[in-house]
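Counting in this note's numbering, the sequence shown runs from 11 upward without gaps.
All C-beta atoms, glycine included, are put in the ideal place defined by N, C-alpha and C.
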Amino acid sequence: MEELYTPQEVAKMLKVSLRAVYKWIHEGKLKSKKIGTLWRISKDALEEFVEKSNESGN
């Protein structure tokens, strides 16, 4: 079973605001899944996002 994180957990891990995480989700920069009314981010999607962010210097 894949490991899933909440937007709050991702914000804490990346040391950014929760608003930034939701912005990335809505812009399609951070792949996520909506389960009912809750957003979840897979470990793979988070790692991919971090790699792309490091490559682009953001």
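Just to confirm, are VAL26 and ILE51 a CB contact at a threshold of 7 angstroms?
Here residue 26 corresponds to residue number 16 of the sequence shown, with the count starting at 1. Here residue 51 corresponds to residue number 41 of the sequence shown, with the count starting at 1. No, Cβ-Cβ distance for VAL26 and ILE51 is not below 7 angstroms.
Tell me whether SER52 sits in a helix, a strand or coil according to DSSP, three-state version.
Numbered from 1 along the sequence shown, position 42 holds the residue referred to as residue 52. Note: SER52 maps to strand in three-state DSSP.
Per DSSP, cross-strand counterpart(s) of LYS62:
Looking up residue 62 in the sequence shown gives position 52. Looking at the DSSP assignment, LYS62 forms no beta bridge with any residue, so it has no partner.
When you compare each of THR16, MET11 and LYS39 to LEU28 by their alpha carbons, which one comes out closest?
As a first step, residue 28 must be located in the sequence shown, where it is residue number 18. When only C-alpha atoms are compared, the closest one is THR16.
Could you tell me the alpha carbon to alpha carbon distance between GLU58 and GLY46, rounded to whole angstroms?
Translated into positions along the sequence shown, residue 58 becomes position 48. Translated into positions along the sequence shown, residue 46 becomes position 36. Spanning the two alpha carbons is a distance of roughly 24 angstroms.
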